[in-house]
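K.L.:
In this note's numbering, each residue's number is its place in the sequence shown (first place is 1) plus 237. Every residue gets a Cβ at the ideal spot worked out from N, C-alpha and C, and that includes glycine.
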Amino acid sequence: MFESEINAVAWENDRLVLLDQRRLPGEETHVHCETSEAAAEAIRLMVVRGAPAIGIAAAYGAVLAAREAWREDPDHWQLAIQSRLANLAAARPTAVNLAWAIRRMEACCAGITSGDPAPVMLREARAIHEEDRLANRKMGEFGAELISPGSAVLTHCNAGALATGGYGTALGVIRAAWGQNRLIRVYAAETRPWLQGTRLTAWELLRDRIPVTLITDGSAAYLMQQGRVQWVIVGADRITANGDVANKIGTLSHAIAARHCGVRFMVAAPVSTIDLATLDGARIEIEQRAGSEVTEFAGLPLAPKGCDAFNPVFDVTPAGLVDALVTERGVILRPDAEKIAKHCQ
Ligand code: MRU
């Protein structure tokens, strides 16, 4: 099995430590969060990003919230923690893992009947983290089995160790397939405007000595038309009950091009990304970020002064364009509402 030593999220010396993904690949620096508000702010600013990593960071953020609430009012800490948990849950809207992790930490809170809650909450946060790591290993193995030796794959955004508790979802499949000598090439789409592909996926794969070829987002359809990739493999921020997939903006274009060109489309995501309470993708809140992410780069203007920009950062790929959905429980081919419900039982 191909290992990865990258840790985007850690708990050290009683605080949350995040690898600052805004600064990669130039600098490997860390942000230390001592308060639940600092954890929420780090999620909002994308110091930490990627659906499972956001959920894990929020779970540790809930430990900080428990510490604050206990110090503030040991008799009524379960009340004092509520607004802090709500603040964490609201940090980013689209990735369901965030709400899922907070719900799980709330349930943990509810079960604490006496004493300092922080140690119990920390055990739960660590469990969420460890479960995600293990889920990624399993997904990697299941997903790799679908890939014939000699294949080339395209991935979008960063669904790797940086976006998870470790190893990655889409990049977990790619790591496992690479380790089994199934891949001849990995293409990474740059992923405008935040450049998760250029800055993060390329960094992560090269660090693990997996060669990667970077392409502009606009080159993906051409690459597929030329028959140069056999699979598009992506992660997900939310998968609705009918199998629609919210993921980084640009994913939908790849899925449409893949179907047109006869390239297969795989989504790798843990069961915690499946949101059975949301019927279909039209009901997902799509995060809109500042237009300056499009009109500027690293503070430098790209567009003329005063130019408007539309910056939705996720899109929804209809289930009908997905050939395989891979979770830690196995593979769903051509996912639909019935297959997903059965898978999640
Ligand atoms: O805005 P980001 O960088 O948080 O978006 C991340 C993605 O869209 C990932 O593909 C998704 O969260 C899956 S990560 C395993």
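Between E278, W248, V284, which has its C-alpha nearest E265's C-alpha?
P.N.:
The option with the nearest alpha carbon to E265 is V284.
K.L.:
Hey, A302 and L316 are a contact pair by Cβ (cut 8 Å); roughly how many whole angstroms apart?
P.N.:
No, A302 and L316 are not in contact; Cβ-Cβ is about 12 Å, not under 8 Å.
K.L.:
Please confirm whether N373 and L437 have their CB atoms less than 7 Å apart.
P.N.:
Contact: no.
K.L.:
Counting C-beta neighbours from all protein chains within 10 Å, is the total for H313 16 or more, i.e. buried, or is it exposed?
P.N.:
Label assigned to H313: exposed.
K.L.:
My output table needs one value for F547: the three-state DSSP class, helix, strand or coil.
P.N.:
Coil.
K.L.:
What's the call for P572, buried or exposed, on a 16-neighbour Cβ count within 10 Å?
P.N.:
When all chains shown are included, P572 counts as buried.
K.L.:
Report buried or exposed for T477, applying the criterion of at least 16 other Cβ atoms within 10 angstroms of its Cβ.
P.N.:
Answer is buried; the Cβ neighbour count reaches 16.
K.L.:
Give the secondary structure of P354 by DSSP, where H, G and I count as helix, E and B as strand, and everything else as coil.
P.N.:
Coil, per DSSP.
K.L.:
Straight-line CA distance for L335 to T510?
P.N.:
Cα to Cα, L335 sits roughly 9 Å from T510.
K.L.:
Would you say the beta carbon of T564 comes nearer than 6 Å to a heavy atom of ligand 1?
P.N.:
It does not: the Cβ of T564 is nowhere closer than 6 Å to a heavy atom of ligand 1.
K.L.:
Compare the beta carbon distance of L322 and A299 with 7 Å and say whether it is the shorter of the two.
P.N.:
A contact, by the Cβ cut-off of 7 Å.
K.L.:
Do you know whose CA, among V410, I421, D445, G292, lies nearest V466's CA?
P.N.:
Checked all of V410, I421, D445, G292; the closest Cα to V466 is I421.
K.L.:
Let me make sure I understand the geometry here. Which of F547, I577, I493, F551 has the alpha-carbon closest to that of I583?
P.N.:
Residue 583 falls outside the range modelled here, since the chain spans only 238 to 582, and no answer is possible.
K.L.:
Thinking just about the alpha-carbon of each residue, which of L359, P386, A407, P354 is nearest to the one in K375?
P.N.:
Residue A407 is the option with its Cα nearest to K375.
K.L.:
G287 and A457 look like a contact to me (Cβ under 8 Å); what is the Cβ gap, rounded to whole Å?
P.N.:
The pair is not a contact, with the Cβ atoms about 20 Å apart (cut-off 8 Å).
K.L.:
Buried or exposed, going by whether 16 or more other CB atoms sit within 10 Å of the CB of K485?
P.N.:
Buried, since its Cβ has 16 or more Cβ neighbours within 10 Å.
K.L.:
Counting along the chain, where does the alpha helix (DSSP H) carrying T532 start and finish?
P.N.:
Where T532 is concerned, the enclosing alpha helix (DSSP H) stretches over 529-532.
K.L.:
My understanding is that A588 touches L558, with C-beta atoms under 8 Å, so please give their C-beta distance in whole angstroms.
P.N.:
Residue coverage of the chain in this structure runs from 238 to 582, which leaves residue 588 outside it and unanswerable.
K.L.:
For R202, which three-state DSSP category applies?
P.N.:
An answer regarding residue 202 cannot be provided, because it is not within the stretch 238 to 582 covered by the chain.
K.L.:
Could you check if H406 belongs to the surroundings of ligand 1, using beta carbon to heavy atom distance under 6 Å?
P.N.:
It should be noted that the sequence gives Thr, not His, for residue 406. Yes, Cβ of T406 sits closer than 6 Å to a heavy atom of ligand 1.
K.L.:
Would you say T401 touches ligand 1, meaning its beta carbon is less than 6 Å from a heavy atom?
P.N.:
For ligand 1, at least one heavy atom lies less than 6 Å from the Cβ of T401.
K.L.:
Could you give the first and the last residue of the continuous beta strand (DSSP E) run that contains S388?
P.N.:
388-393 is the span of the beta strand (DSSP E), which, as asked, contains S388.
K.L.:
Alpha carbon to alpha carbon, what distance is there between A296 and T272?
P.N.:
Each residue's alpha carbon lies about 13 Å from the other.
K.L.:
Sort P330, R363, R329, R308 by Cα distance to G352 and report the nearest one.
P.N.:
Answer by Cα proximity: R308.
K.L.:
Span of the alpha helix (DSSP H) holding E575?
P.N.:
It spans 574-581 - the alpha helix (DSSP H) in which E575 sits, taken as one unbroken run.
K.L.:
Shorter than 6 Å, the distance from the beta carbon of D257 to the closest heavy atom of ligand 1, or not?
P.N.:
No, the Cβ of D257 stays beyond 6 Å of every heavy atom of ligand 1.
K.L.:
Between the beta-carbon of R412 and the beta-carbon of I384, is there less than 7 Å?
P.N.:
Result no, Cβ atoms of R412 and I384 do not sit closer than 7 Å.
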